[in-house]
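For the sequence shown, the tail end lands on 356 under the UniProt record's numbering, and the numbers increase by one without skipping. Think of the CB as a built atom: it goes at the ideal place given N, C-alpha and C, for glycine as much as any other residue. Here is the structure we will look at, set down as structure tokens.
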Amino acid sequence: MTGSAAPDDRTAALTDLLLARVEALRGLDPAALTVTPHLSAATGPDCTVSVAGAEEPLAVRLPPEWTAGRSRRRPIGLVPLGGPDDPAGPPREGTNLARGAPLGLAPPTLQFDPADGLWVRPAWPGATVDANALHADPGVLTRFARSLRRLHRSGVVFEGDGDPFTALDLDTDWTRDTAVGMPLGTLRMVTDITGQCRDALAADPVEPVPCLNAQATEACVDTGSRVVFVDWRSSCMGDPAFELAGLAARAGLNAEEVVAFLTAYFGTADQTVARDRAVAFRLIAAYLRLMDLHGALMAGLADPASDIHQRRFKGRLESCLMILESKSWTGAMDRLSARRRLQPRGLRRRAAPAES
Numbered sequence: 001m002t003g004s005a006a007p008d009d010r011t012a013a014l015t016d017l018l019l020a021r022v023e024a025l026r027g028l029d030p031a032a033l034t035v036t037p038h039l040s041a042a043t044g045p046d047c048t049v050s051v052a053g054a055e056e057p058l059a060v061r062l063p064p065e066w067t068a069g070r071s072r073r074r075p076i077g078l079v080p081l082g083g084p085d086d087p088a089g090p091p092r093e094g095t096n097l098a099r100g101a102p103l104g105l106a107p108p109t110l111q112f113d114p115a116d117g118l119w120v121r122p123a124w125p126g127a128t129v130d131a132n133a134l135h136a137d138p139g140v141l142t143r144f145a146r147s148l149r150r151l152h153r154s155g156v157v158f159e160g161d162g163d164p165f166t167a168l169d170l171d172t173d174w175t176r177d178t179a180v181g182m183p184l185g186t187l188r189m190v191t192d193i194t195g196q197c198r199d200a201l202a203a204d205p206v207e208p209v210p211c212l213n214a215q216a217t218e219a220c221v222d223t224g225s226r227v228v229f230v231d232w233r234s235s236c237m238g239d240p241a242f243e244l245a246g247l248a249a250r251a252g253l254n255a256e257e258v259v260a261f262l263t264a265y266f267g268t269a270d271q272t273v274a275r276d277r278a279v280a281f282r283l284i285a286a287y288l289r290l291m292d293l294h295g296a297l298m299a300g301l302a303d304p305a306s307d308i309h310q311r312r313f314k315g316r317l318e319s320c321l322m323i324l325e326s327k328s329w330t331g332a333m334d335r336l337s338a339r340r341r342l343q344p345r346g347l348r349r350r351a352a353p354a355e356s
């Protein structure tokens, strides 16, 4: 679907697609449908379809070619699998969605096409979980954390394996031409310590668990009693601590909110090692966001000399520095490093996930 079509033509073409592809709509009069497209949605292009006389509207996630050109996203390091254009994505998503649905963490699926990811479900009432909602309502943050915990500790096996360190590039040659106006010594120091953090985490990995790996918090809908997930495109087996740190980074949680988020997830049980890993991964997540922007600037997708992009880059670098200087991160790293030293090399093994 090109971005040059007029709005009326686009809606008409979308209506034709829905009548041809959505089983629940076949044979209906187009005049009976009210179609509201959301082609720039963070969770992929979708639309809401109301049918005259029906009590409940439908939500339809559309094939990726319907994505508005200006909102096309490239996968970043916080998502360890390919983005929505990955040809293996729709079949994997359909399988993982079917395996995760019995957990009550997704709306019921009325239709899913593994060929291109078209997904039809009831348009449940609820509020999209964005950064503003997480900042404004501690209850949303708690429900968000508990839904992630339910997924991670479910014992379900997903298709796909995600490595949190695959996209972590620590070989950048920081020079005046690549530093985006930032101090070279600071950039090199952050890169070096991020490498040390990676080594500490990689030395004592955990067994992979089912992860959502959503590209945005908008992949979640808060019903008021729980948070459900409406974007499973990058779901796979992965590291739960990396997912927690990545979502906290994408949501822009401050230090106090991170504490509340992790407390809601881990509860009051003794989860020192697991919690320390999530805290340590915050630096990895912040560095990946820094280097995602850096990659876009170096590739010419944005002007590295512009004030706005230099401020954005500086803000992400400062996020890394704030984590490095926090007592929570330094304490977590000290304990993880001590654990690494005390654990005999021959006895290191992949630890089992914590019980729910």
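Flag this pair as yes or no: are the beta carbons of residue i and residue j separated by less than 8 Å?
i, j, result
"Thr48", "Pro30", "no"
"Pro114", "Phe158", "no"
"Ala123", "Pro57", "yes"
"Ala245", "Arg282", "yes"
"Ser147", "Leu105", "yes"
"Ala11", "Leu39", "According to the sequence shown, residue 11 is Thr rather than Ala. Against a cut-off of 8 Å, the Cβ pair of Leu39 and Thr11 comes out as no contact."
"Ala200", "Leu336", "yes"
"Ala248", "Val230", "no"
"Gln111", "Val35", "no"
"Leu293", "Arg312", "yes"
"Leu62", "Asp46", "yes"
"Arg99", "Val60", "no"
"Gly160", "Leu81", "yes"
"Thr43", "Ala216", "yes"
"Ser326", "Ala255", "yes"
"Leu297", "Leu317", "no"
"Leu168", "Gly77", "yes"
"Ala260", "Pro183", "no"
"Glu55", "Ser235", "no"
Let me check understanding here. Comparing Cα to Cα, which of the options lies closest to residue i?
i, options, result
"Leu97", "Val79, Leu78, Pro80, Arg121", "Arg121"
"Thr109", "Ala88, Pro208, Val228, Ser306", "Val228"
"Asn132", "Gly126, Leu141, Pro125", "Leu141"
"Leu324", "Asn213, Asp192, Gly300", "Asp192"
"Gly252", "Leu18, Gly315, Leu184", "Gly315"
"Ala305", "Arg275, Thr178, Ser326", "Thr178"
"Asp307", "Ala264, Gly185, Ala332, Gly181", "Gly181"
"Gly117", "Ala59, Pro91, Gly267", "Pro91"
"Gly331", "Gly155, Asp137, Arg277, Ala136", "Arg277"
"Gly162", "Ser154, Asp204, Gly195, Asn213", "Asn213"
"Pro164", "Tyr265, Arg198, Arg176", "Arg198"
"Ala286", "His309, Ala260, Thr263, Trp329", "Trp329"
"Asp171", "Arg153, Val190, Gly155", "Val190"
"Leu28", "Gly53, Ser154, Gly44, Ala274", "Gly53"
"Arg233", "Pro64, Arg149, Val206, Leu151", "Pro64"
"Thr166", "Ala302, Ile284, Gly300, Thr272", "Ile284"
"Ser225", "Arg153, Ala145, Ala32", "Ala145"
"Gly126", "Met322, Gly300, Asp222, Leu151", "Asp222"
"Asp204", "Leu17, Arg26, Thr272, Arg339", "Arg339"
"Gly195", "Leu151, Ala280, Asp130, Ala260", "Ala280"
"Arg150", "Arg26, Gly267, Ala24", "Gly267"
Taking only three categories from DSSP, how would you classify residue i?
i, result
"Trp66", "helix"
"Ser319", "helix"
"Ala20", "helix"
"Gly3", "Note that Gly3 scores 45 on pLDDT, short of 50, meaning its location in the model is unreliable; the coordinates nonetheless yield the value given after this. Three-state result, Gly3: coil."
"Pro125", "coil"
"Thr34", "strand"
"Pro210", "strand"
"Arg158", "The amino acid at residue 158 is misidentified as Arg; the sequence shows Phe. Three-state DSSP puts Phe158 in coil, outside helix and strand."
"Phe112", "strand"
"Gln215", "coil"
"Ala13", "helix"
"Ala352", "Here the model assigns Ala352 a pLDDT of 42, short of 50, so the residue's position is not dependable, and the following value carries that caveat. Reduced to three states, the DSSP call for Ala352 is coil."
"Gly346", "Unreliable placement is indicated for Gly346, whose pLDDT of 46 sits below 50; the coordinate value is still reported in the next sentence. Looking at Gly346 - three-state DSSP - the assignment turns out to be helix."
"Asp8", "helix"
"Phe165", "coil"
"Leu301", "coil"
"Leu170", "coil"
"Ile76", "coil"
"Thr330", "helix"
Would you kindly report the start and end of the unbroken beta strand (DSSP E) that includes residue i?
i, result
"Thr48", "46-51"
"Val120", "119-122"
"Thr272", "Segment 272-298 is the alpha helix (DSSP H) holding Thr272; no beta strand (DSSP E) there."
"Val60", "58-61"
Quick check: does the Cβ of residue i come within less than 7 Å of any heavy atom belonging to the ligand GTP?
i, result
"Asp177", "In terms of ligand content, the structure shown is empty, and the ligand GTP therefore cannot be addressed."
What is the residue span of the alpha helix (DSSP H) that residue i lies within?
i, result
"Arg99", "89-100"
"Ala200", "184-202"
"Val259", "255-266"
"Phe144", "138-152"
Of all the CB atoms in chain D, is at least one closer than 8 Å to the CB of residue i?
i, result
"Leu301", "The structure shown contains no chain D; it holds only a single protein chain."
> Fully enclosed by the region 221-250, which beta strand (DSSP E) runs are 3 residues long or longer?
Replying inline: 227-229, 236-238
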